[in-house]
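**Student:** What follows is a structure written as structure tokens; I'll ask about it next.
2 protein chains.
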Amino acid sequence: MDETIAIRALAALAQEHRLALFRHLVRAGRTGVTAGELASSAGIGATSLSFHVKELERAGLVTQQREGRFIRYRLDVQGMRGLLAFLSEDCCDGQPELCGDLVPLGSGCGPTRRISSNDQ
Amino acid sequence: MDETIAIRALAALAQEHRLALFRHLVRAGRTGVTAGELASSAGIGATSLSFHVKELERAGLVTQQREGRFIRYRLDVQGMRGLLAFLSEDCCDGQPELCGDLVPLGSGCGPTRRISSNDQ
DNA sequence: TCAATGCTACAATAATTATTGAATTATTCA
DNA sequence: TGAATAATTCAATAATTATTGTAGCATTGA
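Here is the structure:
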């Protein structure tokens, strides 16, 4: 992940409403959520939702798909993965033994194993 | 981790200079880095460094210790762990099978195993 | 085609954040 | 104590970000 994109993603998440929207979308998973539902879940107006969700899109954290007169938003799983990887990839500068259990392996999802070494 | 602190930490990292300072401190580990070294590593002045490093402290990502006329900064490992945990804890809403390899287990440090099952 | 619905774009304003230089505080050493 | 060094505080300015209302576009269904 590029530093510029990482900063954009961090900035996107560093805002009350956007963080709430993001977490809502994370929970919704593949199903996704329409713009209107997102707006009412966050207690914000349509204009404000549009502004914030666009920031999340621009940061590569969310995708959009039109469904008739609705627009459905979904978590961009690759984008989320990229950010998490970026935040943890430099820890210990390649010397895991220096920091111990820095990354909370047990708090996320996915199998309990290492991924191939070419993950960035 | 409290949402307010998470936002503060995300905002702290969502800035070019602070992200560079943070990563420098991550690499430096327990040794830490003095303010002056940090400033020149980031190519910024003393005033600017003071401003940015204070933001990182306020976000619980960095600690400070005076050493004579120097001040040494170190990564706050607990703070970093807390943020990483917060960002991944809600993924899949407790249903790991829904999202697959969302969390980049292989990119961080620490042992390849789950932490106790009562992590949420 | 017209009205209604869902959402986005634009513009104005308010609020927050970053940068810079000058002054200030803390420490060391002669 | 006084000079030098390391870092912070303060104030002014510039830049970025958030909010709100209004207008506009896309889609549906009568």
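Those sequence lines, one after another, are chains A and B.
Residues in the first sequence are numbered consecutively from 1, following the working numbering.
Residues in the second sequence are numbered consecutively from 121, following the working numbering.
We put the beta carbon where it would ideally sit given N, CA and C, even for glycine.
Model, not experiment: these values are computed from the prediction.
1. Please confirm whether residue 34 of chain A and residue 67 of chain A have their CB atoms less than 9 Å apart.
2. How big is the Cα-Cα spacing for residue 81 of chain A and residue 148 of chain B?
3. Do residue 62 of chain A and residue 75 of chain A have their C-beta atoms within less than 9 Å of each other?
4. Where does the unbroken alpha helix (DSSP H) through residue 4 of chain A begin, and where does it stop?
5. Using a C-beta to C-beta distance shorter than 9 Å, which residues of chain B count as neighbours of residue 61 of chain A?
6. Would you say residue 42 of chain A reaches chain B, if we count a Cβ-Cβ gap shorter than 9 Å as a contact?
7. With 16 as the cutoff for other CB atoms within 10 Å, does residue 168 of chain B come out buried or exposed?
8. Could you check whether the segment 128-143 of chain B touches the segment 5-13 of chain A, counting it as contact only if at least three pairs of C-beta atoms, one from each stretch, sit closer than 8 Å?
9. Less than 6 Å between C-beta atoms, sequence neighbours within five positions excluded: which residues of the same chain meet that for residue 41 of chain A?
10. I'd like to know if residue 7 of chain A contacts chain B, where contact means its C-beta is closer than 9 Å to some C-beta of that chain.
11. In angstroms with no decimal places, state the Cα-to-Cα distance between residue 199 of chain B and residue 69 of chain A.
12. Which residues in the same chain have their Cβ closer than 7 Å to the Cβ of residue 38 of chain A, if we skip the five residues on either side of it in sequence?
13. When the Cα atoms are used, what is the spatial distance from residue 3 of chain A to residue 36 of chain A?
14. Whole angstroms is fine: what's the gap from residue 165 of chain B's alpha carbon to residue 179 of chain B's?
15. Any beta carbon of chain A sitting closer than 9 Å to that of residue 208 of chain B?
16. Going straight from the alpha carbon of residue 77 of chain A to that of residue 176 of chain B, what length do you get?
17. Any Cβ of chain A within less than 9 Å of the Cβ of residue 139 of chain B?
18. Using beta carbons (cut-off 9 Å, strictly below), is residue 3 of chain A in contact with chain B?
19. Let me see if you follow: with CB-CB separation under 9 Å, is residue 136 of chain B close to chain A or not?
20. With 16 as the cutoff for other CB atoms within 10 Å, does residue 217 of chain B come out buried or exposed?
**Tutor:** In terms of the structure at hand:
1. Yes. Within cutoff.
2. Straight through space, the alpha carbons of residue 148 of chain B and residue 81 of chain A are spaced by roughly 25 Å.
3. Yes; because the gap between Cβ atoms is below 9 Å, this pair is in contact.
4. Boundaries of the alpha helix (DSSP H) harbouring residue 4 of chain A: 3-13, taken from the DSSP string.
5. Residues of chain B passing the Cβ test: none, with the nearest at roughly 11 Å.
6. No - not a single Cβ of chain B is within 9 Å of the one on residue 42 of chain A.
7. With a 10 Å radius around the Cβ and a threshold of 16 neighbouring Cβ atoms, residue 168 of chain B comes out exposed.
8. Taking 8 Å as the limit for Cβ pairs, the verdict is that the segment 5-13 of chain A does touch the segment 128-143 of chain B.
9. The beta carbon of residue 41 of chain A sits closer than 6 Å to the beta carbons of 24 from its chain, once the five residues preceding and following it are set aside; these are given in chain order.
10. Answer yes: the Cβ-Cβ gap between residue 7 of chain A and chain B drops below 9 Å somewhere.
11. About 43 Å.
12. Here the set comprises 21, 24, 49, 53, 73.
13. Distance between the alpha carbons of residue 3 of chain A and residue 36 of chain A: 32 Å.
14. Spanning the alpha carbons of residue 165 of chain B and residue 179 of chain B requires a straight line of approximately 21 Å.
15. Yes - at least one Cβ of chain A is within 9 Å of the one on residue 208 of chain B.
16. Distance between the alpha carbons of residue 77 of chain A and residue 176 of chain B: 28 Å.
17. By the rule that beta-carbons nearer than 9 Å mark a contact, residue 139 of chain B touches chain A.
18. Yes, contact with chain B.
19. By the rule that beta-carbons nearer than 9 Å mark a contact, residue 136 of chain B touches chain A.
20. With a pLDDT of 48 at residue 217 of chain B, under the threshold of 50, the predicted position of this residue should be treated as unreliable, though the coordinate-derived value follows. So residue 217 of chain B ends up on the exposed side.
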